Amino acid sequence: MSNQDRTLDHYQELMTINATSHILRAARQIGLFDQLAEGQKTLEMLSEGLKIPEAKILMLIQSLTAVGIIERYQEDYALSSTARLLCQYDADLGDSTWNGLVASLQSDPDATEGETTETATPESAITPELQTRFDAIAATQWVHTPAAMQVCEILNLGAQTTEDDASTTPSDNNESESSATESEPIELLDFGCGSAVWSCAMAFREPAMRVTAIDNQAALVAATATASSIGLTDRFETRVGDVPGTTLPEAAYDIVVIAQRLHAFGPSQIKEILDTVITSLKPGGRLIVIDSFRGPHQPMLAESLEMLRMQVQTSEGEVPELPVAEQRMKDAGYEDIQFTFIAASRIGLGMMIGNKP
Numbered sequence: 252m253s254n255q256d257r258t259l260d261h262y263q264e265l266m267t268i269n270a271t272s273h274i275l276r277a278a279r280q281i282g283l284f285d286q287l288a289e290g291q292k293t294l295e296m297l298s299e300g301l302k303i304p305e306a307k308i309l310m311l312i313q314s315l316t317a318v319g320i321i322e323r324y325q326e327d328y329a330l331s332s333t334a335r336l337l338c339q340y341d342a343d344l345g346d347s348t349w350n351g352l353v354a355s356l357q358s359d360p361d362a363t364e365g366e367t368t369e370t371a372t373p374e375s376a377i378t379p380e381l382q383t384r385f386d387a388i389a390a391t392q393w394v395h396t397p398a399a400m401q402v403c404e405i406l407n408l409g410a411q412t413t414e415d416d417a418s419t420t421p422s423d424n425n426e427s428e429s430s431a432t433e434s435e436p437i438e439l440l441d442f443g444c445g446s447a448v449w450s451c452a453m454a455f456r457e458p459a460m461r462v463t464a465i466d467n468q469a470a471l472v473a474a475t476a477t478a479s480s481i482g483l484t485d486r487f488e489t490r491v492g493d494v495p496g497t498t499l500p501e502a503a504y505d506i507v508v509i510a511q512r513l514h515a516f517g518p519s520q521i522k523e524i525l526d527t528v529i530t531s532l533k534p535g536g537r538l539i540v541i542d543s544f545r546g547p548h549q550p551m552l553a554e555s556l557e558m559l560r561m562q563v564q565t566s567e568g569e570v571p572e573l574p575v576a577e578q579r580m581k582d583a584g585y586e587d588i589q590f591t592f593i594a595a596s597r598i599g600l601g602m603m604i605g606n607k608p
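Per this note's numbering, residue 252 is the first one in the sequence shown, and the count goes up by one each step.
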């Protein structure tokens, strides 16, 4: 393929992306998605319900079918699974966030530096804007299940159990189950759990693990549902609290997981969280941070978009450079820090691990 052909293909691709976003918005604005959310409908039924000629509706439907938003079943049309996700979690296609991008890019963070008022929000409080971001993460966190399972493999969780199971004969099953039950429990804290996809995957792989999940009440409902769906109810407990802002017991946990949370806070709040966590870890315990990080590589589109989304939705948050994130953990007292990008992540998440001496 010549350079000219590649240029033309790239141009066409960009124009197609832009056009696709417009037809999605048009379908939402005229009520097409609302009509199909009620159930399958024929072209005639849609035309009547929307008060738009069949020929015009058909042109729009054909484009939406080509991009996998609408599916056809003989004479009926229906929303695809992807479209139902859009309607459930991103009904406005993210416009509420992206409409603020220009203002966010043009804002001057130094303009208000040092300004305080008597009614200023406490540093440890989660603002409504941050809560909106965390709620959105919790609502769609299940999409990270493949990445969460890969994290378990990287951490080698459940490896011993898997080896024992492979060498156990059917007559030894009861003895094997008894040994797993009597083994020393591994206490894991999911600090700012969202829907607890990451910690539940770890506990699913490691039978000796017990999870304590901390977040707001709405997130804990989703987290409890995640645990229940994979049979972890007897090893899963919840506690209402903010991150930062929640006091933790000293030397209580073997592992603390902070997933998709630290990026939203400024340096002082991150320090507060890291200090709180290291106190709560047992000697030799591990902090596992799963989040966005800036590495030496050129970020893929999904990573770049996530950075921009973060810019709009957080006032102080940022995606840290790897050396910066590592130094923060060292300053808080963590040792033997290791990092890896999670290949299965759709948005380029990475995992940083630090040990308490």
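Glycine residues also receive a C-beta, built at the ideal position from the N, C-alpha and C atoms. Just so it is clear, the structure is predicted and the values come from calculations on it, not from any experiment.
Need the endpoints of the beta strand (DSSP E) that residue i sits in, please.
i    : result
E307 : In the sequence on display, residue 307 carries Lys and not Glu. Run containing K307: none in the beta strand (DSSP E); it sits in the alpha helix (DSSP H), E305 to A317.
T591 : E586 to F592
V508 : Y504 to A510
M603 : L600 to N606
What residue does the alpha helix (DSSP H) around residue i start on, and which one ends it?
i    : result
P518 : P518 to S531
L336 : S332 to Y340
L624 : The chain is shown only over 252 to 608; residue 624 falls outside these bounds and no answer can be derived.
S355 : L352 to Q357
T383 : P379 to T391
M580 : L573 to D582
D343 : First-last for D343: undefined, no H or E at that position.
Tell me whether residue i sits in a helix, a strand or coil according to DSSP, three-state version.
i    : result
Y324 : strand
G536 : strand
R279 : helix
G300 : helix
N269 : helix
K292 : strand
A329 : strand
R597 : coil
I541 : strand
E567 : coil
M558 : helix
P397 : helix
H261 : helix
H548 : coil
T420 : A caution first: T420 carries a pLDDT of 42, below 50, which makes its placement in the model unreliable, though a value can still be read off. Looking at T420 - three-state DSSP - the assignment turns out to be coil, as it is neither helix nor strand.
T412 : Because the pLDDT of T412 is 47, which lies under 50, any placement of that residue in the model is unreliable, and the number read from its coordinates should be weighed accordingly. Reduced to three states, the DSSP call for T412 is helix.
V402 : helix
Between residue i and the rest of its own chain, which residues show a CB-CB distance below 6 Å, the 5 nearest in sequence each way excluded?
i    : result
I377 : D493
S253 : none
T530 : E501
A334 : I320
I588 : E577, M580 and G605
I524 : P495
D526 : A583
In angstroms, rounded to a whole number, what distance separates the CA positions of residue i and residue j?
i    : j    : result
L483 : L336 : 26 Å
A595 : E557 : 16 Å
Q468 : E488 : 13 Å
F609 : D466 : The chain is shown from 252 up to 608; residue 609 falls before or after that span and cannot be answered.
Q564 : R384 : 7 Å
E457 : L408 : 6 Å
H514 : D343 : 24 Å
A576 : I509 : 13 Å
Q313 : K292 : 15 Å
P304 : M266 : 27 Å
L330 : L311 : 13 Å
A387 : A306 : 37 Å
R257 : M551 : 19 Å
Q357 : P379 : 22 Å
E264 : T271 : 10 Å
Quick one: what's got a C-beta closer than 7 Å to residue i's C-beta in the same chain, skipping five residues either side?
i    : result
R597 : V394 and A553
L309 : L294
Y340 : A390 and T391
L352 : L559 and V563
C444 : S450, A464, I465, D466, A470 and A474
L231 : Absent from the structure is residue 231, since the part of the chain shown begins at 252 and ends at 608.
A277 : L311
Among residues of its own chain, excluding the 5 on either side of residue i, which ones have a beta-carbon nearer than 8 Å to its beta-carbon?
i    : result
G282 : G300 and L301
R537 : D505, I506, V507, I604, G605, N606 and K607
Y585 : L525, I529, L538, G605, N606 and K607
Is the closest heavy atom of the ligand ZN to the C-beta of residue i under 7 Å?
i    : result
S479 : With respect to small molecules bound, the structure shown includes none, and the ligand ZN cannot be examined in it.
Taking 8 Å as the CB-CB limit, is residue i close to chain C?
i    : result
I593 : Chain labels in this structure do not include chain C; a single protein chain is all it has.
task = May I have a chain-ordered list of the alpha helix (DSSP H) segments no shorter than 4 residues that lie completely inside the region 426 to 500?
result = Within the region 426 to 500, complete alpha helix (DSSP H) segments of at least 4 residues are found at 448 to 456 and 468 to 480, given in chain order.
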